[in-house]
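*Asks:* Residues 17 to 438 in the numbering used here are what the sequence shown lists, from first letter to last.
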Amino acid sequence: MSGFTEIKGVLNADNVPLTEIAAAYGTPTYVYSAHVMKTQYEALAGAMKCALPADKQPILCYACKANSNVAVLSYLRSLGASLEIVSEGELHRGLAAGFKASQIVSTGVGKQRREIIACLKAGIHQFNVESLPELEHINNVAGDIGIKATVVFRLNPNVAGGGNTKISTGRKRDKFGINEQTVYKAFDRAAQMDNLDAVGLSVHIGSQVSTVESFKTAFEKMPSIVHNLRDQGHTVSRLDIGGGFPIIYKDEKLLDLDHYAQWVRDIILPLDTQIIMEPGRYLVGNAGVLLTEVLHVKETEETDFLIIDSAMNDLIRPTLYDAYHGIEAVQNRDAAEHSYDVVGPICESGDTFTKGRILTQMKEGDLAVIKSAGAYGFCMASNYNTRPLPAEILVHEGKAHLICPRQDVHEIIARDIIPDLG
Ligand code: LLP
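#1: Give, in chain order, every unbroken run of the beta strand (DSSP E) that is at least 3 residues long and sits entirely within the stretch 18-75.
#2: Which word fits T21, buried or exposed, when buried means at least 16 other C-beta atoms lie within 10 angstroms of its C-beta?
#3: Alpha carbon to alpha carbon, how far is R170 from A416?
#4: Given 8 angstroms as the limit, tell me if A214 has its C-beta closer than that to any heavy atom belonging to ligand 1.
#5: Which of the three DSSP states, helix, strand or coil, is assigned to D382?
#6: Quick one: what does DSSP say D256 is sitting in, helix, strand or coil?
#7: What does the alpha-carbon distance come out to for the pair T233 and V175?
#8: Buried or exposed for H312, going by 16 or more other Cβ atoms inside 10 Å?
#9: Who are the Cβ neighbours of F369 in its own chain at under 6 angstroms, not counting the five residues just before and after it?
#10: Comparing alpha-carbon positions, which option in Y340, L331, G381, H354 lies nearest N399?
#11: Can the beta-carbon of A352 be found closer than 9 angstroms to that of T376?
#12: Out of curiosity, what's the CA-to-CA distance linking G304 and E318?
#13: Return the chain-ordered ranges of every beta strand (DSSP E) run that is complete within the stretch 245-314 and spans a minimum of 3 residues.
#14: Quick check on the burial criterion: 16 or more other C-beta atoms within 10 angstroms. Buried or exposed for I263?
#15: For V225, count the other beta carbons within 10 Å of its own beta carbon; 16 or more makes it buried, fewer makes it exposed. Which is it?
#16: Is R187 near ligand 1, with its Cβ less than 8 angstroms from a heavy atom?
#17: Sorted by chain position, which residues of the same chain lie with C-beta nearer than 6 angstroms to T308's C-beta, five sequence neighbours on each side aside?
#18: Could you pull out every residue in the same chain whose Cβ sits closer than 7 angstroms to the Cβ of Q423, ignoring the five residues on either side in sequence?
#19: Could you check the C-alpha separation between H354 and K371 for me, to the nearest Å?
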């Protein structure tokens, strides 16, 4: 049995007891299951394989903002993934993980000159461009270094979709993409530019998309725009249809991948372009837990607090988005149930993972996991309260591999410089 399963009363990750991982590496620690990543990758790739002909398979560009550990990138690459990046840092992570630059797509509303130069010199597949000023900027930078850029334009389809307002990106008031009229202007402008080729469109309506029909609504905006562009003499040879596939945190309605693949087949495939996708959370979200230890049980008149050694700096999603994450004990999993507020040690009340959650009873020194933490977990962690970043472990075929050691507090402090103020 692989994934996060109970074996002999103890929660395991791909057949390694989490008690052993905690003993060897301490807590808080992110633990990832390679098996779950593979299952997710194969489910998505498999649905597309069934729906689309062999020569029109999408390029699955893993959106590495979800989890950018180089070992995770390298593993997903070995399964067949390409890469979507949003920064120079992610470019270098991708290259370090063995991706060819030609497998990499660069997105984001604001790309710095040095990032564009690094991407151009490496030879990435394309830039997804989100405004006319950005188009001018890329053209100028490309001209300065004499390397032509390949770009697609991100359409803002004016479709709501993300799991919460902070991660919805496809509404016209959002900062992302350009509207249909601006797409035409952008292609016309690009045609006059010497240092870039405009070859297509992209669309990404948000993350943890809960109204799955929104994908279809966004796709349906593409064909008429593509036909109009072609009628105007422009080339449209690539369509990047984004990411946003939801995972299970609690009781979400999941996207039926076969339905999604049929929408791609019925709406996108007839446009006869290269198809690119940008899945992030779907590939890694359910593949990770944050392993933590109970520091204290603090009983008050109002509630019982389970004070754990993980905090909002380690996993910000509950604090930032009021996001729900399942929490489970690692041992004594058949103990009586009890209601807890689960909180971290940071000095603000927002450092709360959940309130009034019924869990099995736990005591000081017990281990617990915060589930579905493989995406937007470690990569959003910070040093708030000068807490070191957690360790990361990748479990593969029954063996735990340390893929990032716990940060040393002295590394954090060593960055600060006391100036000579006379
Ligand atoms: N492509 C683009 C252009 C994106 O902006 C994103 C996510 C993705 C792909 C991948 O989306 P996914 O498949 O992972 O849903 N920190 C938030 C999520 C922010 C998502 C940002 N963009 C959270 O913890 O929920």
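All C-beta atoms in this analysis are idealised placements derived from N, C-alpha and C, irrespective of residue type, glycine included. The structure displayed is predicted, hence computed values, not measured ones.
*Replies:* In short, the structure shows the following:
#1: Secondary structure in the stretch 18-75: the beta strand (DSSP E) runs of 3 residues or longer, each lying completely within the stretch, are 20-23, 26-29, 45-49 in chain order.
#2: Exposed, since its Cβ has fewer than 16 Cβ neighbours within 10 Å.
#3: Near 40 angstroms, if we compare the C-alpha coordinates of A416 and R170.
#4: Result no, Cβ not under 8 angstroms from ligand 1.
#5: Secondary structure of D382 (DSSP, three-state): coil.
#6: The three-state reading of DSSP puts D256 in strand, counting E and B together.
#7: Taking the straight line joining both Cα atoms gives about 7 angstroms.
#8: Its Cβ having fewer than 16 others within 10 Å, H312 is exposed.
#9: P334, V358.
#10: When Y340, L331, G381, H354 are compared, the shortest CA-CA separation from N399 is found for L331.
#11: Result yes, Cβ atoms of A352 and T376 sit closer than 9 angstroms.
#12: Answer to the nearest angstrom: the Cα atoms are 32 angstroms apart.
#13: The stretch 245-314 contains these whole beta strand (DSSP E) runs: 254-256, 290-293.
#14: Buried, by the Cβ-count rule.
#15: Buried is the call here.
#16: Result no, Cβ not under 8 angstroms from ligand 1.
#17: Closer than 6 angstroms at the Cβ level, and outside the excluded window around T308, lie T43, P44, I324, D325, S326, A384.
#18: Hits under 7 angstroms: P404, L405.
#19: In this structure, the straight-line span from the alpha carbon of H354 to that of K371 is close to 12 angstroms.
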